[in-house]
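Have a look at the structure below before the remarks.
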Amino acid sequence: IVEITQTPSNSRLWEVQLTITDESDPQLAGLTNRIKEEIDGEGWYRIGQLMLKVGHFDQAEELYDELLKGASDDRERAKVYNMLGWLKVDQGEYQEAVKFYEKSLEIKRKTLSEDDVSLADTYGNIGLVYNNMGEYSKALDYYEKDLEITKKALTPTHPDLAISYNNIGRVYNNMGEYSKALEYYEKAIKIWEMSLAKNHPYFAATYSQFGRVYRGLKDYSNALSYFEKCLEINRITLPEKHPNLGFNYSNIGDVHRLMGDYERALAFHQKALNIQENVKCNPLDCATTYMNLGETYREMKDYTTALTYYEKGLKIREEKLVKPHPDLAVIYHNMSKLYFSTQKYSMAIKYVEQAVEIGQEKLPATHPHLVEYRETFEKIRKKQ
1368 IVEITQTPSN SRLWEVQLTI TDESDPQLAG LTNRIKEEID GEGWYRIGQL MLKVGHFDQA
1428 EELYDELLKG ASDDRERAKV YNMLGWLKVD QGEYQEAVKF YEKSLEIKRK TLSEDDVSLA
1488 DTYGNIGLVY NNMGEYSKAL DYYEKDLEIT KKALTPTHPD LAISYNNIGR VYNNMGEYSK
1548 ALEYYEKAIK IWEMSLAKNH PYFAATYSQF GRVYRGLKDY SNALSYFEKC LEINRITLPE
1608 KHPNLGFNYS NIGDVHRLMG DYERALAFHQ KALNIQENVK CNPLDCATTY MNLGETYREM
1668 KDYTTALTYY EKGLKIREEK LVKPHPDLAV IYHNMSKLYF STQKYSMAIK YVEQAVEIGQ
1728 EKLPATHPHL VEYRETFEKI RKKQ
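Rendered as structure tokens:
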């Protein structure tokens, strides 16, 4: 899929531009069939899911608003609320996403048995939002409800069971419990290796998570390898301006920074911005790229440029994230390091105190980020 556009002569007609694929390639054929299965429903519901998968969020929102107005029963309304929740996650509107998912859940709990797999999907979706909001204990609660139902309802090698394992791994990753995260990611990968084509987008998502774990463990060569595996699949399966590619480039750029290759880091971050600043994407992805650029320029001792990017990233995160959020602590800590380097110790202590305060409230006591925030605090305090 290259592009989806509304025809100028008829607002109810949509033109989908496709690229020809080689049906003789068994992996590509398997991937195509699997994606067809995942985009379920008929007619407009199917088009809406397709729009979300290729990153056309505004068109998808218009369509789902119309479908909600025309919904004839609770089953249809629950389905549309669920898709609107998905849409709001992609837009970084997490509180709105929770509202839509909870509306869907309320309807489903009235009409379905407590062990219905459709309930598991919604529990998983709510868990994802709480994970993104930095509410990790709530996220785990919902993901465990999802896993409990999914284990009973599906076979041990079903791809959707692997999604549940992958989601729990993401929470442990964010909590800095990297060994637990790897354990769950490996469970997911083993199932997908038995049931999906090697270039399925699920592999890309999990390779990206492996990359994040190894980056957290400071094993940068492994991190880079997994981020590149993710990129390889995304280039095959996504349009060239898809937001996920932008996020992928930013991750690769960040690892190059950590390895001291600033020229490559800047090149990949610029690739990310070329997508993120020119298509509708989650603004928080853009904020991450700005933050990564700020870190790169700070390490290059170009403090003025670094501060410009930090402020861009901070503005988005303060607008979009529910406070206090662990991602705000990250950028406050980065700004404190910049002010420390420029000997502005009062500003440095102000920002690191905010980072420590959030970290103490939202992260486990042994989380590597919180440990680092405290070390920075002590270093700055000694200079005052």
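Numbering (the numbering used here), first residue to last: 1368 to 1751.
All C-beta atoms, glycine included, are put in the ideal place defined by N, C-alpha and C.
Candidates the options, of which the one nearest residue i by Cα
i	options	result
residue 1540	1658, 1582 and 1701	1582
residue 1518	1484, 1748, 1468 and 1546	1484
residue 1736	1707, 1684, 1544 and 1448	1544
residue 1565	1600, 1739, 1679 and 1479	1600
residue 1528	1547, 1498 and 1563	1563
residue 1661	1464, 1697 and 1689	1697
residue 1534	1506, 1433 and 1739	1506
residue 1569	1597, 1490 and 1693	1597
residue 1555	1418, 1524, 1634 and 1503	1524
residue 1653	1445, 1607, 1750 and 1684	1684
residue 1638	1610, 1547 and 1649	1610
residue 1655	1613, 1634 and 1672	1613
residue 1511	1522, 1487 and 1502	1487
Local conformation of residue i per DSSP, three classes
i	result
residue 1732	coil
residue 1694	helix
residue 1508	helix
residue 1645	coil
residue 1527	helix
residue 1702	helix
residue 1471	helix
residue 1418	helix
residue 1481	coil
residue 1726	helix
residue 1502	coil
Where the alpha helix (DSSP H) through residue i begins and ends
i	result
residue 1650	1650–1666
residue 1522	Taken as a continuous stretch (DSSP letters only), residue 1522 belongs to no alpha helix (DSSP H), as it is neither H nor E.
residue 1498	1484–1499
residue 1675	1670–1687
Residue i, buried or exposed, once every other Cβ within 10 Å from all chains shown has been counted against 16
i	result
residue 1665	buried
residue 1682	exposed
residue 1462	exposed
residue 1590	buried
residue 1439	exposed
residue 1576	buried
residue 1617	buried
residue 1704	buried
residue 1432	exposed
The ligand SAH heavy atom lying under 7 Å from the CB of residue i
i	result
residue 1696	For the ligand SAH, the structure offers nothing, since it holds no ligand at all.
Length-filtered (3 minimum) beta strand (DSSP E) runs lying within the region 1430–1469
Counting whole runs of 3 or more residues, the region 1430–1469 contains no beta strand (DSSP E) stretch at all.
Every unbroken alpha helix (DSSP H) within the region 1539–1621, with a cutoff of 4 residues, ordered by chain:
For the region 1539–1621, whole alpha helix (DSSP H) runs of length 4 or above, ordered along the chain, are 1545–1562, 1568–1583 and 1587–1604.
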